[in-house]
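**Student:** Each residue of the sequence shown is one higher than the one before, starting from 2 at the first, in our numbering. Please find one structure pasted underneath; my questions will follow.
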Amino acid sequence: MRGRMDGISKRNHRAARAAFGGLAVVAAVLLAACSSSSSTTTPSTSTSSTPAASPSSASAAATASSGASSTGAGVSALLADVNKYAAEPNFGDYGPNYGGKIPSIANLAGKKIMIIPGVSALAACEEIAQAASDFAKAAGMVPTIFDNQGSTADHNTAIENAIHQGYAAIIMGCAMDPSTSAPAIAQAQKAGIVVGVYGGTPDQDKRAGTTYNTDDPYALDATLAAEQAIEQHGGKPFHAIAITSLATGPATAIEEAAIKAELAKDDPGSTLTEVNVEVPDWQTQIASTVTSQLLKYPDANVLFPDYAGELTYVLAGIQAAHRTDVKTYLAFGGGTPFVQLQTASPGKNIIQSDVSESPPWTGYLLFLQAVRGLEKLAPISYDKAIGPDRIITPDNAVEVLNTGGFGDDWVNGFRDLLGLPALSGSALHAASTLNGAMVGKS
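Printed below as a string of structure tokens:
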């Protein structure tokens, strides 16, 4: 059996985390189905331009204001929303949706749980797995983290090991499509094993046949980024360019649809141009693509890079275009080096959003879903099985780097749901930051 009991490798988590913004999407490319526009300009890039309230966003446009820009009251409401998500999250905003306290976890003692990261080389995947492992041990279970290269064959091997070695539960996810392991998952469930997954779309989870799932709020991330852009432009129309990577699968499509919907609703006079650069070409093509797009559209002053791993190249492209009026929003994925870009020029003047999740919070939530399955309780519904994504800005970047960005109290919130005693002081901070692995340097 591949994998190790009670932990993962002790390599430098912080160094691994630094690569996440780019590597996580690379893994997704290898695992997700590919799609692309028919109007390609090179083998790996494509461009399309539509008004925010285009037919492709018909449902959003139907509710959009008839005016060309947001009112002052509308802009203030957007600012309040952005400020809420830029602040340190509060477990009280999420915990009440997590199904209430588990009556007892006494029968979990000694049972085995298999934890399968989507790709072990990705820091965020390992961090989610490690957090789930820590929480499982606190609940009296015996966890195994199955190290793997991210292939379906690897994932299926882990599932088969769990079936043949008497595991009670399996949790898996991060940069993977769970439906690719649907037959193996079905066999595990037939054997009485509870299976929960993280990061799949509703369709992927349905095809995987799983219900104890944990969600990634891709649409919310993109909506908040669009709200921030609208607010910072005073509700006045702007021309935005989105830098997509469609082969990463549904996440990109969800984010783009959300951006279009928000622009159509609160700033329908704005326009959005989408340019697609796939992950293998980021290093060689993003900078030149950004430069050419900014020269082609001199009125464009907003960029929506979908993933944080694009940011270094985006900055180079902006500088090469000799543009000083351009700002970026969204950049999902976070990661210490990308947050650090917001603490010094030119990044702090350009990068307005770096949307980051909390891998430890996600790991705890994923384990909680498994416990609910083991206790034969209803799963937390898809729309509520989410943790916070924080908008990291130039104003809070140093604080996020110094503290981890998500506080400590959420750990005790989860422990309370399982009837475990609260932690305090250094033990609590160590739990929330995976012994400091989640804390960067400003």
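Here a beta-carbon is modelled for each residue, glycine too, at the ideal position from N, C-alpha and C. In this text, all values refer to a predicted model and were calculated from it rather than measured experimentally.
Please return the same chain residues whose Cβ sits closer than 8 Å to the Cβ of M140, not counting the five positions on each side in sequence.
**Tutor:** Taking the sequence shown and counting its residues from 1, the one referred to as residue 140 is at position 139. According to the sequence as given, residue 140 is Ala; it is not Met. Excluding residues within five positions, the ones whose Cβ falls inside 8 Å are I106, L109, F368, V372, L419, L421.
**Student:** Ordered along the chain, which non-local residues of its own chain (more than five positions away) have a Cβ less than 7 Å from that of T224?
**Tutor:** Locating residue 224 in the sequence shown gives position 223, counting from the first residue. Hits under 7 Å: A259, E263.
**Student:** Tell me, which residues are paired with V356 by DSSP?
**Tutor:** Translated into the one-based positions of the sequence shown, residue 356 becomes position 355. Note: V356 sits in a beta bridge opposite I392.
**Student:** Under 7 Å Cβ to Cβ from I160, same chain only, skipping five residues before and after it: list those, please.
**Tutor:** Looking up residue 160 in the sequence shown gives position 159. Only residues of its own chain outside the window of five on either side were considered, and among them I171, S182, A185, I186, A189 have a CB closer than 7 Å to the CB of I160, listed in chain order.
**Student:** Beta-carbon within less than 6 Å of L80's beta-carbon, same chain only, minus the 5 sequence neighbours each way: which residues are those?
**Tutor:** What you label residue 80 is simply residue 79 of the sequence shown in a count that begins at 1. Hits under 6 Å: E232.
**Student:** What's the gap between the Cα of D409 and the Cα of P52?
**Tutor:** Reading the sequence shown from its first residue, position 408 is the one you call residue 409. Reading the sequence shown from its first residue, position 51 is the one you call residue 52. About 43 Å.
**Student:** Exposed or buried, which one is G111 when buried takes at least 16 other CB atoms within 10 Å?
**Tutor:** Sequence index remark: in the sequence shown, residue 111 carries index 110 (1-based). The residue is exposed, with fewer than 16 neighbouring Cβ atoms inside 10 Å.
**Student:** For F305, which beta-bridge partners are listed by DSSP?
**Tutor:** Position 304 of the sequence shown, counted from the start, is the residue given in the question as residue 305. Paired residues: A243.
**Student:** Enumerate, from N- to C-terminal direction, the unbroken alpha helix (DSSP H) stretches of 4 or more residues contained entirely within the segment 187-227.
**Tutor:** 203-209
**Student:** Throw me the rounded Cβ distance for the I116 and Y199 pair, which I believe falls under 8 Å.
**Tutor:** If you number the sequence shown from 1, residue 116 lands on position 115. If you number the sequence shown from 1, residue 199 lands on position 198. Wrong, their Cβ atoms sit about 10 Å apart, outside the cutoff.
**Student:** If you scan the segment 119-152 from start to end, which runs of the beta strand (DSSP E) of 3 or more residues do you find wholly inside it?
**Tutor:** For the segment 119-152, whole beta strand (DSSP E) runs of length 3 or above, ordered along the chain, are 143-146.
**Student:** Whose CA, out of L375, D217, A248, N214, lies closest to the CA of M142?
**Tutor:** As a working mapping, residue 142 is identified with position 141 in the sequence shown. Of the candidates L375, D217, A248, N214, L375 places its Cα closest to the Cα of M142.
**Student:** Please state whether DSSP places A34 in a helix, a strand or coil.
**Tutor:** As a position in the sequence shown, residue 34 is number 33, starting the count at 1. Note that A34 has pLDDT 31, beneath the 50 cutoff, so the model's placement of it is unreliable and the number below is only indicative. Coil at A34, not helix or strand.
**Student:** Opposite P52 in the DSSP bridges: which residues?
**Tutor:** As a first step, residue 52 is located in the sequence shown; it is residue number 51 there, counting from the start. Answer is T272, bridged to P52.
**Student:** Am I right that I351 and K328 are in contact with their C-beta atoms under 8 Å? What's the rounded C-beta distance?
**Tutor:** Here the question's residue 351 lines up with position 350 in the sequence shown. Here the question's residue 328 lines up with position 327 in the sequence shown. About 6 Å; that satisfies the 8 Å criterion.
**Student:** As a quick exercise: from G235, C126, F415, pick the residue whose alpha carbon is nearest that of G100.
**Tutor:** Reading the sequence shown from its first residue, position 99 is the one you call residue 100. It is F415.
**Student:** Which of the three DSSP states, helix, strand or coil, is assigned to T325?
**Tutor:** Taking the first residue of the sequence shown as 1, we reach residue 325 at position 324. Three-state result, T325: coil.
**Student:** Any idea if K1 is buried or exposed, counting beta-carbon neighbours within 10 angstroms, 16 or more meaning buried?
**Tutor:** In the structure as shown, the chain begins at 2 and stops at 443. Residue 1 is therefore absent and cannot be evaluated.
**Student:** Does the contact criterion of 3 or more C-beta pairs under 8 Å hold for the segment 323-341 versus the segment 303-313?
**Tutor:** yes
**Student:** Per DSSP, what kind of secondary structure is F333 in: helix, strand or coil?
**Tutor:** By 1-based counting over the sequence shown, the position of residue 333 is 332. Three-state DSSP puts F333 in a strand.
**Student:** Considering only their Cβ atoms, is the gap separating L402 from Q353 smaller than 8 Å?
**Tutor:** The residue labelled residue 353 in the question sits at position 352 within the sequence shown. The residue labelled residue 402 in the question sits at position 401 within the sequence shown. No, these two residues do not count as a Cβ contact at 8 Å.
**Student:** A398 lies in the alpha helix (DSSP H); which residues open and close that run?
**Tutor:** For the purposes of this step, residue 398 is taken as the residue at position 397 of the sequence shown. Segment 398-404, the alpha helix (DSSP H) holding A398.
**Student:** Taking buried to mean at least 16 other C-beta atoms within 10 Å of its own C-beta, is E127 buried or exposed?
**Tutor:** Walking along the sequence shown from the start, residue 127 turns up at place 126. That one is buried.
**Student:** Taking DSSP's pairing of strands, which residues face A170 in a bridge?
**Tutor:** Within the sequence shown, residue 170 is the residue found at index 169, counting from 1. A170 pairs with I114, V195.
**Student:** Taking just the CA atoms, how far does Q294 sit from A230?
**Tutor:** Taking the first residue of the sequence shown as 1, we reach residue 230 at position 229. Taking the first residue of the sequence shown as 1, we reach residue 294 at position 293. Going by the C-alpha atoms only, they are around 19 Å apart.
**Student:** Are the CB atoms of P238 and D268 nearer to each other than 8 Å?
**Tutor:** Here residue 238 corresponds to residue number 237 of the sequence shown, with the count starting at 1. Here residue 268 corresponds to residue number 267 of the sequence shown, with the count starting at 1. The answer is yes: Cβ separation under 8 Å.
**Student:** Taking only the alpha-carbon atoms, compute the straight-line gap between S425 and I287 and give it to the nearest angstrom.
**Tutor:** Position 424 of the sequence shown, counted from the first residue, corresponds to residue 425. Position 286 of the sequence shown, counted from the first residue, corresponds to residue 287. Cα to Cα, the separation comes out at about 45 Å.
**Student:** Considering only residues of the same chain and omitting the five flanking positions on each side of S357, which have a CB-CB separation below 6 Å?
**Tutor:** Counting from 1 along the sequence shown, the entry for residue 357 is found at position 356. Hits under 6 Å: G335, R391, I393.
**Student:** Out of N157, A132, N162, which one is the CA nearest neighbour of D178?
**Tutor:** As a first step, residue 178 must be located in the sequence shown, where it is residue number 177. For D178, the nearest C-alpha among the options comes from N157.
**Student:** Where do the ends of the alpha helix (DSSP H) carrying W411 lie?
**Tutor:** Numbered from 1 along the sequence shown, position 410 holds the residue referred to as residue 411. Element bounds for W411: 410-418.
**Student:** Applying the 10 Å Cβ sphere with the 16-neighbour rule, what's the burial state of P104?
**Tutor:** Within the sequence shown, the letter at position 103 stands for residue 104. P104 is exposed by the Cβ-count criterion.
**Student:** In whole angstroms, what is the alpha-carbon distance linking T274 and A252?
**Tutor:** Position 273 of the sequence shown, counted from the first residue, corresponds to residue 274. Position 251 of the sequence shown, counted from the first residue, corresponds to residue 252. Approximately 18 Å between the Cα atoms of the pair.
**Student:** For V440, name the three-state secondary structure that DSSP assigns.
**Tutor:** Here residue 440 corresponds to residue number 439 of the sequence shown, with the count starting at 1. Reduced to three states, the DSSP call for V440 is coil.
**Student:** Per DSSP, what kind of secondary structure is N98 in: helix, strand or coil?
**Tutor:** Translated into positions along the sequence shown, residue 98 becomes position 97. Helix, per DSSP.
**Student:** Rounded to whole angstroms, what's the CA-CA distance from K349 to I146? Just pull it up for me.
**Tutor:** Walking along the sequence shown from the start, residue 349 turns up at place 348. Walking along the sequence shown from the start, residue 146 turns up at place 145. K349 and I146: Cα-Cα distance of roughly 38 Å.
**Student:** Measuring straight from C-alpha to C-alpha, what distance separates F136 and G193?
**Tutor:** On the sequence shown, residue 136 is found 135 positions in, with the first residue counted as 1. On the sequence shown, residue 193 is found 192 positions in, with the first residue counted as 1. For F136 and G193, the distance between alpha carbons rounds to 22 Å.
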